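Here this note's numbering is used: the first residue of the sequence shown is 98, the next is one more, and so on. Don't be surprised by glycine CBs; every beta carbon is placed ideally from N, CA and C. Note that this is a predicted model, so its numbers are computed, not measured.
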Amino acid sequence: MDAGHIETHVQSDRHRRFEALAAEVFDPLQRYLLRRMNADDAADAFSETLMTIWRRLDDVPSQNPLPWCYGVARRVASNHRRGRKRHLQLVERLEREPAPAPSEEFADPELEAALAALPDSDRELLHLWAWEGLEPRDIATVTGLTVNAATLRLSRARKKLAEKMTRQDLRTSGQERVGRTKEQPT
């Protein structure tokens with residue numbers, strides 16, 4: 098038997114052991130978690146419990162594994178509750194803090210109106226580029242686009258913004274055209 102075949106055999110034995118164990122503890126662990134948390138949190142905790150059991154499969158006792166699995170579920174649920182509590186405390190703290198004042202750097206109402214007139218996707222690209230100082234390759238990473246697509250879309254968004262700003266300037270300037278005309282003497 099070669100090493101690859103042995104590894105495949107060991108993996109299939111591991112899968113079979115986990116499947117048998119999961120079938121045995123599935124319902125009791127779900128009931129255990131549902132009695133202690135809401136259904137959504139219990140589903141998350143249940144998934145994490147099964148992942149932990151899979152990772153620590155060699156530590157699971159072969160005889161009467163359910164109490165050991167309950168211990169895993171108990172720790173997962175406890176960690177989940179602590180994480181939820183920290184999250185709620187952070188939200189409460191943020192709600193008590195005053196909202197930051199708008200930055201003077203971006204307090205141009207015409208720019209804000211032009212940006213607001215753009216689609217969300219264009220606004221996001223422009224914000225990443227102008228406000229966060231990201232290059233197209235970094236914007237591609239953030240948005241999941243290719244570098245070429247990010248570059249192209251950023252270029253188009255910049256053109257759209259420039260057009261919106263030009264249109265606003267023409268509509269709101271109220272200025273008459275200055276320069277020589279044919280009727281004016283030279």
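For Glu260, decide whether its Cβ has a neighbour in chain D, counting only Cβ atoms nearer than 8 Å. Absent from the structure: chain D. Only one protein chain is present.
Find out if the Cβ-Cβ distance for the pair Leu130, Ala142 is shorter than 8 Å. yes
Option in Leu249, Glu209 and Lys256 with minimal Cα separation from Pro233: Ranking Leu249, Glu209 and Lys256 by CA distance to the CA of Pro233 puts Leu249 first.
Is Met134 helix, strand or coil by DSSP? coil
Span separating the alpha-carbon of Arg190 from that of Arg183: 10 Å
Where do the N-terminal and C-terminal ends of the alpha helix (DSSP H) with Leu223 fall, by residue? Asp217 to Leu223
Could you tell me if Asp137 is buried or exposed, where buried requires 16 or more neighbouring beta carbons within 10 angstroms of its beta carbon? exposed
So Pro233 is in the alpha helix (DSSP H); what residue range does that whole segment cover? Pro233 to Thr240
Are there 16 or more other CB atoms within 10 angstroms of the CB of Asp110, so buried, or fewer, so exposed? exposed
Local conformation of Glu194 per DSSP, three classes: coil
Nearer than 7 Å: is that true of the beta carbon of Leu131 relative to any heavy atom of the ligand HEM? No copy of the ligand HEM appears in this structure; indeed no ligand is present at all.
Asp217 classed as buried or exposed, judged by whether at least 16 other C-beta atoms fall within 10 angstroms: exposed
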